[in-house]
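Residue numbers (my numbering): 1216 to 1600.
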Ligand SMILES: Nc1ncnc2c1ncn2[C@@H]1O[C@H](COP(=O)(O)OP(=O)(O)OP(=O)(O)O)[C@@H](O)[C@H]1O
Ligand SMILES: [Mg+2]
């Protein structure tokens, strides 16, 4: 390792590739530099929050995965997690309130019209296609399928398929069935309904709300909490229930969804982990490099969502304006639990002036979202939720 390189390393604060550059094995050093460049040296501070990227980079440097594989994983990871980024906070908040409103109403008719009208009410003013059946075919890359898509209903037969599913369900006789037969039947119904994906966006939430109302009409006592808390699990389990790839030996698997429904309807307490649903997950290969990555991605995302959910639930309980709420989430997204930040950082991240930044810092502290850091200069804080 030459002096110039060492100097470069010293300049970097917490360089995630440092260890490789120090080892000095030519191939690894090359790759480490490639990654450093790729992710942007000036941004190295922010990168410490992206464990997933670092981990994937390491796997590539170690020679366990190709650069193509690394690229593919990162693309798919960001595509999936983009759904959970703060820009969508406003949408999520609005829709959540509407979900609560619809669920607070007793009225319900088991019909396609009801299903469609739930979509309209949830997304009016948010999606231009609220309440409209899509007239184009769709596919969605799924993390849980390693980037593949479920085969959704074809645009020209959506209405018909929807009606078929409703008619089939209407004819089913629940009397004299055991609870496990009922669960298995409901699993099939909700999975078929979701698979149509009759709308361009918002299918999972519409299906969840409709399903809750339907379950209530059957006498079950259910709320949206379990769905909201496990939103990604619920969606992934529907994906797995509707995906077959014979060549890869993967078949439609409703067991994940069934477990979810057992928790919901029978008060069971099964662990709902996304990682088990990933098509590359193998029970027996825990030490395997690939397995390790899958686990890592999953843990990363789950922690992130969990932490954000905690923060969100605190914010929801307090009198915080939507604007302040969005700003706080954005700050949390940037700083995480590790970074110590002050007014300048807030000004920079939110592009606001110093005065509102100071107010916001005070507000977050009084809500006990942050702690004051002593010895890091004046007015420094860190998130503690
Ligand atoms: N039942 C629910 N209650 C509250 N929020 C939910 C619920 N289900 C999903 N969400 C949130 O809504 C956002 C979008 O969800 P997602 O993309 O998985 O489903 P969708 O948009 O409703 O359906 P699809 O993308 O399959 O058409 C996510 O941030 C998710 O956490
Ligand atoms: Mg969506």
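Every residue, glycine too, gets a C-beta built ideally from N, C-alpha and C.
Only a predicted model underlies this, so the values are computations on that prediction, with no experimental measurement involved.
By Cβ distance below 8 Å, which residues in the same chain neighbour residue i in space, the five residues on each side in sequence not counted?
i, result
"residue 1535", "1543, 1578, 1582"
"residue 1572", "1558, 1561, 1562, 1565"
"residue 1533", "1582"
"residue 1318", "1424, 1427, 1428, 1438, 1439"
"residue 1373", "1348, 1349, 1411, 1413"
"residue 1597", "1550, 1552, 1553, 1554, 1555, 1556, 1585, 1586, 1588"
"residue 1258", "Low local confidence applies: a pLDDT of 36 at residue 1258 is under 50, so the model's placement there is unreliable, with the coordinate-based value given in what follows. Here the set comprises nothing."
"residue 1369", "1352"
"residue 1403", "1469"
"residue 1593", "1557"
Pick out whichever of the options has its Cα sitting closest to the Cα of residue i.
i, options, result
"residue 1360", "1374, 1585, 1555, 1287", "1287"
"residue 1243", "1409, 1275, 1386", "1275"
"residue 1371", "1414, 1343, 1473", "1414"
"residue 1477", "1461, 1437, 1314, 1574", "1437"
"residue 1588", "1557, 1350, 1279", "1557"
"residue 1421", "1402, 1396, 1450, 1433", "1450"
"residue 1364", "1538, 1346, 1460", "1460"
"residue 1329", "1316, 1393, 1346", "1346"
"residue 1355", "1525, 1454, 1600, 1592", "1454"
"residue 1464", "1480, 1497, 1486", "1497"
"residue 1538", "1283, 1575, 1277, 1569", "1575"
"residue 1490", "1448, 1457, 1524, 1523", "1448"
"residue 1313", "1333, 1284, 1326, 1393", "1333"
"residue 1367", "1353, 1442, 1600, 1486", "1353"
"residue 1338", "1310, 1382, 1386", "1310"
"residue 1390", "1376, 1433, 1378", "1433"
"residue 1527", "1600, 1486, 1488", "1600"
"residue 1416", "1380, 1568, 1343", "1343"
If you measure from the CB of residue i, is any heavy atom of ligand 1 nearer than 7 Å?
i, result
"residue 1335", "no"
"residue 1442", "yes"
"residue 1340", "no"
"residue 1446", "yes"
"residue 1319", "no"
"residue 1450", "yes"
"residue 1311", "yes"
"residue 1439", "yes"
"residue 1314", "yes"
"residue 1420", "yes"
"residue 1456", "no"
"residue 1493", "no"
"residue 1400", "no"
"residue 1412", "yes"
"residue 1541", "no"
"residue 1423", "yes"
Which residues in the same chain have their Cβ closer than 7 Å to the Cβ of residue i, if we skip the five residues on either side of it in sequence?
i, result
"residue 1549", "1564"
"residue 1264", "A caution first: residue 1264 carries a pLDDT of 37, below 50, which makes its placement in the model unreliable, though a value can still be read off. Around residue 1264: 1551."
"residue 1418", "1409, 1412"
"residue 1245", "none"
"residue 1530", "1540, 1543"
What are the boundary residues of the beta strand (DSSP E) that includes residue i?
i, result
"residue 1598", "1596-1598"
"residue 1585", "1585-1587"
Give me, in chain order, the residues of the same chain whose beta-carbon lies closer than 6 Å to that of residue i; leave out the 5 immediate sequence neighbours on both sides.
i, result
"residue 1220", "With a pLDDT of 46 at residue 1220, under the threshold of 50, the predicted position of this residue should be treated as unreliable, though the coordinate-derived value follows. Closer than 6 Å at Cβ, skipping near neighbours: no residue."
"residue 1580", "none"
"residue 1341", "1306"
"residue 1321", "none"
"residue 1397", "none"
"residue 1452", "1471, 1472, 1475"
"residue 1503", "Since pLDDT at residue 1503 reaches only 49, below the 50 mark, its modelled position is unreliable, and no value is offered."
"residue 1595", "1555, 1557, 1588"
Taking 7 Å as the cut-off, is the beta-carbon of residue i closer than that to any non-hydrogen atom of ligand 2?
i, result
"residue 1666", "Since the first residue shown for the chain is 1216 and the last is 1600, residue 1666 is missing from the structure and cannot be characterised."
"residue 1357", "no"
"residue 1306", "no"
"residue 1416", "yes"
Can you tell me where the alpha helix (DSSP H) holding residue i begins and where it ends?
i, result
"residue 1337", "1327-1338"
"residue 1426", "1418-1432"
"residue 1359", "Looking at the DSSP string, residue 1359 is not in any alpha helix (DSSP H), and its letter there is neither H nor E."
"residue 1462", "Neither: residue 1462 is in no alpha helix (DSSP H) and is coded neither H nor E."
"residue 1344", "Residue 1344 -> no alpha helix (DSSP H), and no H or E assigned at all."
"residue 1410", "1394-1411"
"residue 1496", "Element bounds for residue 1496: n/a, residue is neither H nor E."
"residue 1473", "1470-1481"
"residue 1373", "1373-1386"
"residue 1580", "1569-1581"
"residue 1487", "Segment: none, residue 1487 is in no alpha helix (DSSP H) and carries neither H nor E."
"residue 1550", "1537-1550"
"residue 1534", "Looking at the DSSP string, residue 1534 is not in any alpha helix (DSSP H), and its letter there is neither H nor E."
"residue 1563", "1558-1565"
"residue 1189", "Shown here, the chain extends from 1216 to 1600; a query on residue 1189 therefore has no answer."
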